[in-house]
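Peer 1:
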Amino acid sequence: MLRGLMPIEALGPGSTPQDEERIVRGLVESGQLSRAQLASARAAQAGLPFVELLDFAIDQGALALVPAGIARRYELLPLQFVGDSLLIAMADPGNVVAIDDVRSIARRQVRLAVAEQQDLRAAIDRHYRADTELSNLAADIQTDQASITAQEDESRDDDAPIVRFVNLIIAQAIQDKASDIHIEPQEHLVLVRYRIDGVLHEMQQAPKNIQNGVISRLKIMSEMDIAERRRPQDGRITVTHQGSKIDLRVAALPTVWGEKIVMRILDASTTKRDISELGMAPQNLERYQRNFQKPYGMILVCGPTGSGKSTTLYTTLDSVARSEVNVITVEDPVEKRIPGVNQVQVNIKAGLTFASALRSILRADPDVVLIGEIRDGETAMIATEAALTGHLVLSTLHTNDAPSAVTRLTEMGIEPFLVGSALDCVVAQRLARRLCERCKQPFQPSREELAAMRFDTTGIEEIPTLFRPRGCSNCSNTGYSGRLALHEVMEMNEEIERLTVSHGTVADITRVAIEHGMVTLRQDGWTKARLGLTSVEEVMRVVA
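In my numbering, the protein residues as written are 78 to 621.
Listed below in structure tokens is the structure:
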């Protein structure tokens, strides 16, 4: 059976198939045996071929013969036609019920191949997208005008077309690992776009006359006032996707063609992330850790919206939060629930602003204070005073680079000598798309090309090998899969403090910080491009 996969001494003379299965599973869980090896061995045992689905060209005609519901229920995927038969991949080729159902639905004889279960699930998600079903639902809704006019009743019926349409949009976005969903009314249609790896992609064009039903459904789900269409509103939705709880932060914004809805997808899981997983270069990580491990002072994380600032702060908070430390946060909104941390949600209508919450927090004996964002001078002043009175303050600030944070605080009205004393470290960051490991293409640029790309060749004698995106089935032909962060870590020192007090320019502060070892965002990007993690074009896209 599977005896060739395990040490002989692991099996006794009276071993049963159940014993063998238990031992094999232990080898897989311990990493001594890959899941692909196990699936390949099971295929050989059953006398069936084993397929790697990432490299397999799927025949769309074969795919169309088996509905998505059947494929997901039985975890199988039609691959191609072999003569008059249909070749399907399964993780469990012994499921005769699934085989009979496929034979009945496709009206063809079925041939089997074995695939690794996780690869099979990913391939099913990749090939059975919701796009076609969304288009069909939109057409159904368009022809059923009664379902549009009775919006409140529609929203309570789980089988109603509008409800299914909205649920599919959200489920597909989570499956595609999108960070945001945009529902955008246009003059003659409604546009659905997903932000994936930092770039917006158009996913669906729906008829204009389903607009009010879709927006009303989303507003009801996020507990907004559906009668109010003239003012911006905010809400929150919690959904369950494949057993995981996912939160969506919802914003409604009135436009000339109707209300635009933007949903930010937040992972509500409480899994802790290690500080080493932020992707900082060793030098940057050492400088950053040295500062957030201090008992007091202010640490700022800077960057535009969607640059990963919250992830960095939450990861830092996970590192400093201990049972003997009182950690309190004030956020708008609370994106991730952290056990053992006291989290305060800003409520402007109730008068609970960042500044008013901070005043109360400082009377609650905190050791560490996290402020979601420093937006005004009052919040900046209280945060500075907290850092000067023995508290570790973590917060975000919207600036383009780390040195600009110093001048930004002084522009908010904080005295320069207080900024110099309170501020310990500033991290600026951007998110760049990560090159797909399966298809990235190496190339040797010329010095002229490097100069045109503004690649810093100072001190480089040999031209480095760089990588460019190509595209494959694994990355949906984009050439990129996932994202990584570029960092710029500036530590305060006496010289930067003197420049701060004397109202030094950003250029002066940047020059001194570089002299003391700061690696700029562009330099960190070049380093990661040379390591083959991202492309030069991607670095230039996210860093000015």
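The C-beta atom is built at its ideal place from N, Cα and C for all residues, glycine as well.
Small disclaimer: the values here were computed from a predicted structure and weren't measured.
#1: Quick check on methionine 617: does DSSP put it in helix, strand or coil?
#2: Under 8 Å between C-beta atoms, does threonine 582 make it to chain C?
#3: Roughly how many angstroms lie between the CA atoms of arginine 510 and valine 616, to the nearest whole one?
#4: Under 7 Å Cβ to Cβ from aspartate 501, same chain only, skipping five residues before and after it: list those, please.
#5: Where does histidine 259 sit, in a helix, a strand or coil, going by DSSP?
#6: The beta strand (DSSP E) that contains glutamine 186, what's its start and end?
#7: Considering Cα atoms alone, identify which of Asp274, Arg185, Val174 and Glu193 is closest to glycine 559.
#8: Would you tell me roughly how many angstroms separate the C-alpha atoms of aspartate 230 and leucine 245, rounded to the nearest one?
#9: Since proline 410 and arginine 313 are thought to touch, with beta carbons under 8 Å apart, how far apart are those beta carbons, to the nearest angstrom?
#10: Going along the chain, which unbroken runs of the alpha helix (DSSP H) with 4 or more residues stay wholly within the region 379 to 419?
#11: Taking only three categories from DSSP, how would you classify methionine 357?
#12: On the DSSP bridge list, what partners appear for aspartate 311?
#13: Give the DSSP-derived three-state secondary structure of asparagine 368 in the structure shown.
#14: Alpha carbon to alpha carbon, how far is isoleucine 623 from proline 331?
#15: Check whether the region 483 to 501 and the region 358 to 365 touch, using three or more Cβ-Cβ pairs below 8 Å as the test.
#16: Within its chain, find whatever has a CB closer than 6 Å to the CB of proline 309; leave out the 5 residues flanking it on each side and keep chain order.
#17: Exposed or buried, glycine 171, counting other C-beta atoms within 10 Å across all chains shown (16 or more means buried)?
#18: Per DSSP, lysine 322 is paired with what?
#19: Can you tell me whether valine 174 is buried or exposed, with buried defined as 16 or more other CB within 10 angstroms of its CB?
#20: Threonine 456 and isoleucine 448: beta carbons closer than 8 Å?
#21: Can you check which of these residues, Ala148, His204 and Glu129, is closest to aspartate 136 by C-alpha distance?
#22: Arginine 272 and glutamate 279 - do their beta-carbons sit closer together than 8 Å?
#23: In the DSSP assignment, what residue or residues form a beta bridge with tyrosine 557?
#24: May I have the straight-line CA-CA distance separating tyrosine 557 from serine 612, to the nearest angstrom?
#25: Once DSSP output is grouped into helix, strand and coil, what is the label at serine 523?
#26: Can you tell me where the alpha helix (DSSP H) holding proline 144 begins and where it ends?
#27: Consult DSSP for cysteine 549 and reduce its assignment to one of helix, strand or coil.
#28: Output the boundary residues of the beta strand (DSSP E) element that contains leucine 471.
#29: Counting only the same chain and skipping the five closest in sequence on each side, list residues whose C-beta sits under 6 Å from that of lysine 605.
#30: Please report the residue range of the alpha helix (DSSP H) in which proline 493 lies.
#31: Run through DSSP, which three-state label would methionine 298 get?
#32: Could you pull out every unbroken beta strand (DSSP E) segment of at least 3 residues lying fully inside the region 429 to 474, listed in chain order?
Peer 2: Judging by the given coordinates:
#1: Locating residue 617 in the sequence shown gives position 540, where the first residue counts as 1. Correct three-state label for methionine 617: helix.
#2: The structure shown contains no chain C; it is built from a single protein chain.
#3: Within the sequence shown, numbered from 1, the residue matching residue 510 stands at position 433. Within the sequence shown, numbered from 1, the residue matching residue 616 stands at position 539. Going from the Cα of arginine 510 to the Cα of valine 616 covers about 9 Å.
#4: Within the sequence shown, numbered from 1, the residue matching residue 501 stands at position 424. Here the set comprises Asn368, Lys371, Gly374, Met375, Ile376 and Met569.
#5: Against the sequence shown, residue 259 aligns to sequence position 182. If DSSP states are grouped into helix, strand and coil, histidine 259 belongs with the strands.
#6: Residue 186 sits at position 109 when you count from the first residue of the sequence shown. Per DSSP, glutamine 186 belongs to no beta strand (DSSP E) and is neither H nor E.
#7: Sequence index remark: in the sequence shown, residue 559 carries index 482 (1-based). Per the Cα distances, Asp274.
#8: By one-based count along the sequence shown, residue 230 stands at place 153. By one-based count along the sequence shown, residue 245 stands at place 168. Reliability fails at aspartate 230, whose pLDDT of 43 lies under 50, so the model's placement of it is uncertain and no value is given.
#9: For this step, residue 410 is matched to residue 333 along the sequence shown. For this step, residue 313 is matched to residue 236 along the sequence shown. Correct: roughly 7 Å between the Cβ atoms.
#10: 386 to 397
#11: Along the sequence shown, one-based indexing puts residue 357 at 280. Coil, per DSSP.
#12: To locate residue 311, count along the sequence shown from 1; it is residue 234. Answer by DSSP bridge pairing, in chain order: Ala328.
#13: Reading the sequence shown from its first residue, position 291 is the one you call residue 368. Three-state DSSP puts asparagine 368 in a helix.
#14: For the chain, the structure presents residues 78 to 621; residue 623 sits outside this window and is missing.
#15: no
#16: The residue labelled residue 309 in the question sits at position 232 within the sequence shown. So the list reads Leu330, once near-sequence residues are dropped.
#17: Here the question's residue 171 lines up with position 94 in the sequence shown. It is exposed - the Cβ of glycine 171 has fewer than 16 other Cβ atoms within 10 Å.
#18: Residue 322 sits at position 245 when you count from the first residue of the sequence shown. Paired residues: Thr317.
#19: Against the sequence shown, residue 174 aligns to sequence position 97. Exposed, by the Cβ-count rule.
#20: Residue mapping note: residue 456 aligns to position 379 of the sequence shown, counting from 1. Residue mapping note: residue 448 aligns to position 371 of the sequence shown, counting from 1. It is a contact, given that the beta carbons lie within the stated cut-off.
#21: The residue given as residue 136 occupies position 59 in the sequence shown. Closest option to aspartate 136, Cα to Cα, is His204.
#22: Position 202 of the sequence shown holds residue 279. Position 195 of the sequence shown holds residue 272. Going by C-beta atoms, glutamate 279 is not nearer than 8 Å to arginine 272.
#23: Within the sequence shown, residue 557 is the residue found at index 480, counting from 1. Note: tyrosine 557 sits in a beta bridge opposite Leu512.
#24: Position 480 of the sequence shown holds residue 557. Position 535 of the sequence shown holds residue 612. Looking at the two C-alpha atoms, the distance is approximately 9 Å.
#25: The residue given as residue 523 occupies position 446 in the sequence shown. DSSP places serine 523 in coil when its eight states are reduced to three.
#26: Counting from 1 along the sequence shown, the entry for residue 144 is found at position 67. Premise fails: proline 144 is in no alpha helix (DSSP H) and is neither H nor E.
#27: The count along the sequence shown starts at 1 and reaches residue 549 at position 472. Reduced to three states, the DSSP call for cysteine 549 is coil.
#28: Position 394 of the sequence shown, counting from 1, holds the residue named residue 471. Taken as a continuous stretch (DSSP letters only), the beta strand (DSSP E) holding leucine 471 covers 469 to 474.
#29: In the sequence shown, the residue the question calls residue 605 occupies position 528. Cβ within range, chain order: Thr611.
#30: On the sequence shown, residue 493 is found 416 positions in, with the first residue counted as 1. Residues 493 to 499.
#31: Along the sequence shown, read from residue 1 onward, the residue named residue 298 stands at position 221. Helix at methionine 298.
#32: 445 to 448 and 469 to 474
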